[in-house]
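Trainee:
Residue numbers (the numbering used here), protein chains in the order written: chain B, 1301 to 1855; chain E, 1301 to 1855.
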């Protein structure tokens, strides 16, 4: 039921890795930048069998009663499954996993075969005061899968067996899809009928529809297709008090649209079992290209104009100067950025007053659609970009971006093995706040890393999910790990970043499973009345509070 | 503070009326169709001074205490103000007003000058167990403004003094606007800075921003600009338990987006005092034109193609054959449809196998934007429409539609005076349900009108608010009033329509202030768990239930 060959201590599967072959400059440059030791001690992950797991708190009769409901195969308590479901894939999760620190894994993992079994499991758990955590692809980076410490047993519910595309309505362009469907399977089932959901988060290869809905996910093509909240027409949720199905009712005045109460509910209200999704025809062409701007300001001005006057791009990824230099270092496709790092190209860029490593900003821009329309949009878009000093680098870089779009989480594993702290913070703001937010966040993180003893550090940002009224930033930071206090060090950096976000009118994804004292932002962002509403909603659907308790610090 | 010269028993102001001059065919045709008496008894509205209002239940000391909070001028208990705030502008409201049946008007009407006075009034009311009904433009057609019958006193809070555009962020393209701002004032304040909200409901001239948000309003240009829920970035609400401000946080995982709990909240959670709205640059061109299709199916196929493959129109209004015939009867602009009712035009239409009165369907299609882009979109759109047998009628009809877009509610008053029952039902559905919904609803209403004793009746529908996954229908029905039981008759027709809507997968706007026995659809559409959530949300913000009690039958 689980994907075979999972890299339990890192990203993805064991047969894949981020190759740094033919990248002779990568390690020397990174070592110099981050002030890493020349010959670092290798830090492999602790072998699974050496991890000392607390024993399952579900005794044999209790497990047997669960097995009577779901079948023997569908209830597992072995160490591997418990470890694989203990945490998500955040930096702090991987640091702990690699060190073998799995202090509160679930006591059992269940794999319901249908909605009836989901409901039966919730009733069984409520009856015994056992917590239940819904689990999709396991790629959460905000602590959404971690059992609460304490005495209460926890069962994690893996939705891997609810993974079908149930029905496609070709006329209305909607598809009913089960929540456990993973990105690639879901897309290929839709593609086979000529459709796409158009949702491609970085975790696409492993994350699931239910996970995207529960976390209000945004994907790489969301500038064109919308984020998951725009793509979701209706959701079906099994809660401890019954089944709830929202119905999209644009013309209804019968009260509020409760779909948005389930979007982002993080498993705290029940188990999302299926959703009706809005789909589109597969695009005939996906024409993605690279451009180079003299500054982040210029690139943002071009994006603003494209989003206000059109043509609005499907895919946008604008790197600041620091990330552009990082991309240049990582580029290996001969047709990609690498083609621009040769001497002749270098002379050309210099002549155009650009430098990949000294101030220029790389933008990936993409249009999906019919060939003629895409060609016309590109002509218009190039004219807009040229008005802002943009230099077209052609399609090779876009193709290279497409090929590598899901591969960077693998690189993280390589970096962790070399003792590098690496994480990304996502935030979003209106156009008028965006530049100051970028500046202040970069400054705050740059100051925080050395303060933790993490060396000079490196901070780089990309602008993604661009819309008419603003955009999102994804800021990656790297530093030298402080052995023995990796998690504390990471949190000091994140805290500095979050303070800068809040002070500059941004809204940031927050970290669950960290106490409200430590992480006051979610409650402050939401406010006391909204917190009260959320508590009341929880009370309506999960009065005994068995669903993912503690997932939101302020609830 | 109120608009002067209000037509308290009908729509709009006394200086305006829907002229039927130069329309010699209108009354004879209508009389024949609806089987109206040749010389109907005139049914003027009862004069205001003849209405027997129940006395205000707020005694002098109580009113005086309110006046100390808000100022003497801002608290009114005179008959005219109480009648003007007693109901909305639904058919059943106007029938009762015209007959002088104002059985439970508010006991006082207050006009707070700022948010502090709003909060103070709620505290004052909670302290005395007095209900409070927020009031914007007073144009509700679903009973959202009507005090609950019973012993509890009610104060209606008119937001006319909170009507400013507070700030425009030109970079982010957002505007903070107070809830009491009416359509024309709001638009001209934005226009003066080069922007538009793009929200034009039929009630535009009188309705307010707060009303649009509280009722999840859709406008005539919502195919292009979005409905109010897409146009709202954040809402500020004064509830009996405090002030709540939502913050749009597309990247936040800090739980659900509670904005959607306030959108459509109908005054039952608190008073919306302001909102941050998404605005756009004023379009340089608004090019609206008419087209004629051989059938509703053909018109819908063209709309579907436009919305799936582009160019997506800003304005869409596709009339079925019955409404097209109605439009032809009403047309009076020489440059409009009237130009097509002459003999030469008639011959041309016949040659093209069209007939305005026998099966053809009129579509108004509009594109807003820069001249070149609009021209290009029109060329593409005309090609799509021609593929589906669409015949272009040119811009004159589009201009005529623009001129008359807000005038039809005035015609309703004229019809009521002549003893005609007239109302519209709005519903929405996915593309695959749309045609069967149209057919079944039309059949149901056509059967219901004669069954009430209302004569043959007339039923006509337009398709509006078209989007990628479906569209909305607005179905108007006319019949002969049954004197003395106009409201009961109307409800029998509406009930038949609502049953057809529910049976065919539509979602319909429902009627507040009608008991759940009589109107089971809202509760059934929402479901028991969603109802429980709504009750809990109400409990969080309005634990004493002073806000618009009874506005939703199932709460």
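No residue lacks a Cβ here, since even glycine has one placed at the ideal position from N, Cα and C. What you are looking at is a predicted structure, and each value in this text was computed from that prediction instead of being measured.
Just to make sure I have the definition right: I need the residues of chain A whose C-beta is within less than 7 Å of the C-beta of residue 1344 of chain E. Which are they?
Mentor: Annotation note: the requested chain A is absent from the structure, which comprises protein chains B and E.
Trainee: When the Cα of residue 1615 of chain B is compared with those of B:1711, B:1785, B:1628, B:1590, which residue comes out closest?
Mentor: Minimum Cα distance to residue 1615 of chain B is reached at B:1590.
Trainee: Compare the C-beta of residue 1469 of chain B with all C-beta atoms of chain E and state if any pair is closer than 8 Å.
Mentor: Yes - at least one Cβ of chain E is within 8 Å of the one on residue 1469 of chain B.
Trainee: Give a yes or no on whether the C-beta atoms belonging to residue 1572 of chain E and residue 1535 of chain E are separated by under 8 Å.
Mentor: Yes, the Cβ-Cβ distance between residue 1572 of chain E and residue 1535 of chain E is below 8 Å.
Trainee: Can you name the start and end residues of the alpha helix (DSSP H) that residue 1759 of chain E belongs to?
Mentor: Where residue 1759 of chain E is concerned, there is no enclosing alpha helix (DSSP H), although the beta strand (DSSP E) it sits in stretches over 1758-1767.
Trainee: Check distances from the C-beta atoms of the stretch 1769-1782 of chain E to those of chain B and list, in chain order, the residues that come in under 8 Å.
Mentor: Within the stretch 1769-1782 of chain E, the qualifying residues are 1769, 1770, 1772.
Trainee: Since residue 1507 of chain E meets chain B, which of its residues come closer than 9 Å, beta carbon to beta carbon?
Mentor: By Cβ distance, chain B contributes nothing, its closest Cβ being about 13 Å from residue 1507 of chain E, past 9 Å.
Trainee: Can at least three beta-carbon pairs, one atom from the stretch 1518-1530 of chain E and one from the stretch 1485-1493 of chain E, be found at a separation below 8 Å?
Mentor: Judged by Cβ distances under 8 Å, the stretch 1518-1530 of chain E makes no contact with the stretch 1485-1493 of chain E, as fewer than three pairs qualify.
Trainee: When the Cα of residue 1463 of chain E is compared with those of E:1449, E:1683, E:1486, E:1563, which residue comes out closest?
Mentor: The candidate whose alpha carbon is nearest that of residue 1463 of chain E is E:1486.
Trainee: With DSSP run on the structure shown, which of helix, strand or coil describes residue 1361 of chain E?
Mentor: Helix.
Trainee: Considering only residues of the same chain and omitting the five flanking positions on each side of residue 1405 of chain B, which have a CB-CB separation below 8 Å?
Mentor: Around residue 1405 of chain B: 1353, 1354, 1382, 1383, 1385, 1386, 1447.
Trainee: Based on the DSSP output, what are the partners of residue 1542 of chain B in its beta bridges?
Mentor: Bridge partners of residue 1542 of chain B: B:1539.
Trainee: Determine the burial state of residue 1687 of chain B: buried for a count of at least 16 other Cβ atoms within 10 Å of its Cβ, exposed for fewer.
Mentor: So residue 1687 of chain B ends up on the exposed side.
Trainee: Scan the stretch 1479-1541 of chain E and note each continuous beta strand (DSSP E) run of 3 residues or more that stays entirely inside, going in chain order.
Mentor: Within the stretch 1479-1541 of chain E, the complete beta strand (DSSP E) runs of at least 3 residues are 1532-1539.
Trainee: Could you check what DSSP says for residue 1619 of chain B in three-state terms: helix, strand or coil?
Mentor: If DSSP states are grouped into helix, strand and coil, residue 1619 of chain B belongs with the strands.
Trainee: Counting only the same chain and skipping the five closest in sequence on each side, list residues whose C-beta sits under 6 Å from that of residue 1596 of chain B.
Mentor: Hits under 6 Å: 1620, 1661.
Trainee: 8 Å is my cut-off, CB to CB: does residue 1754 of chain E come that close to chain B?
Mentor: Output row for residue 1754 of chain E: interface = no.
Trainee: For residue 1910 of chain B, collect the residues of the same chain with a Cβ closer than 7 Å to its Cβ; drop the 5 residues on either side in sequence, then sort them by chain order.
Mentor: What the structure shows of chain B is the stretch from 1301 to 1855, and residue 1910 of chain B is not part of that stretch, so it cannot be assessed.
Trainee: From residue 1291 of chain E to residue 1443 of chain E, what distance separates their C-alpha atoms?
Mentor: Since the displayed chain E opens at 1301 and closes at 1855, residue 1291 of chain E lies outside it and no answer follows.
Trainee: In terms of alpha-carbon separation, which member of B:1568, B:1318, B:1645 lies closest to residue 1850 of chain B?
Mentor: Of the listed residues, the one whose Cα sits closest to residue 1850 of chain B is B:1568.
Trainee: Indicate whether residue 1412 of chain E and residue 1370 of chain E have their beta-carbon atoms separated by less than 8 Å.
Mentor: Cβ distance < 8 Å, so residue 1412 of chain E and residue 1370 of chain E count as in contact.
Trainee: Please give the ranges of any beta strand (DSSP E) in the stretch 1389-1445 of chain B, keeping only runs that are unbroken, at least 3 residues long and fully inside the region.
Mentor: Counting only runs of 3 or more, we get 1408-1410, 1431-1435.
Trainee: If you follow the beta strand (DSSP E) that residue 1727 of chain B is part of, which residue opens it and which one closes it?
Mentor: Its beta strand (DSSP E) spans residues 1720-1730.
Trainee: Closest by CA to residue 1794 of chain B, which one among B:1623, B:1711, B:1725?
Mentor: Residue B:1725 is the option with its Cα nearest to residue 1794 of chain B.
Trainee: Report the neighbours of residue 1547 of chain B on chain E: residues whose CB is nearer than 7 Å to its CB, in chain order.
Mentor: Those within 7 Å of residue 1547 of chain B in chain E are 1807, 1825.
Trainee: Comparing C-alpha positions only, which one of E:1471, E:1374, E:1705, E:1427 sits nearest to residue 1460 of chain E?
Mentor: For the residues E:1471, E:1374, E:1705, E:1427, the minimum Cα distance to residue 1460 of chain E belongs to E:1374.
Trainee: Within 10 angstroms of the Cβ of residue 1818 of chain E, are there 16 or more other Cβ atoms? Answer buried if so, exposed if not.
Mentor: Under this definition residue 1818 of chain E is an exposed residue.
Trainee: Report yes or no: do three or more beta-carbon pairs, one from the stretch 1745-1758 of chain B and one from the stretch 1778-1791 of chain B, lie closer than 8 Å?
Mentor: Result yes; three or more Cβ-Cβ pairs closer than 8 Å.
Trainee: Please state the DSSP three-state secondary structure of residue 1781 of chain B.
Mentor: The answer is coil: DSSP assigns residue 1781 of chain B none of H, G, I, E or B.
Trainee: Am I right that residue 1408 of chain E and residue 1363 of chain E are in contact with their C-beta atoms under 8 Å? What's the rounded C-beta distance?
Mentor: With a Cβ gap of about 6 Å, residue 1408 of chain E and residue 1363 of chain E count as contacting.
Trainee: If we call anything under 8 Å between Cβ atoms a contact, is residue 1769 of chain B one with residue 1470 of chain E?
Mentor: For residue 1769 of chain B and residue 1470 of chain E, no; Cβs fall outside 8 Å.
Trainee: Looking at residue 1771 of chain B and residue 1734 of chain B, is the spacing between their C-beta atoms short of 8 Å?
Mentor: Contact flag set, yes.
Trainee: Do the stretch 1822-1829 of chain B and the stretch 1537-1544 of chain E touch if we need at least three Cβ pairs shorter than 8 Å?
Mentor: Contact between the stretch 1822-1829 of chain B and the stretch 1537-1544 of chain E is present, because at least three Cβ pairs lie under 8 Å.
Trainee: What are the boundary residues of the alpha helix (DSSP H) that residue 1606 of chain B is part of?
Mentor: 1596-1609 is the extent of the alpha helix (DSSP H) around residue 1606 of chain B.
Trainee: Rounding to the nearest angstrom, what Cα-Cα distance links residue 1454 of chain B and residue 1513 of chain B in this structure?
Mentor: Taking the straight line from one Cα to the other gives about 22 Å.
Trainee: Residue ranges of each alpha helix (DSSP H) run of no fewer than 4 residues wholly in the stretch 1639-1670 of chain E, ordered along the chain?
Mentor: Within the stretch 1639-1670 of chain E, the complete alpha helix (DSSP H) runs of at least 4 residues are 1643-1651.
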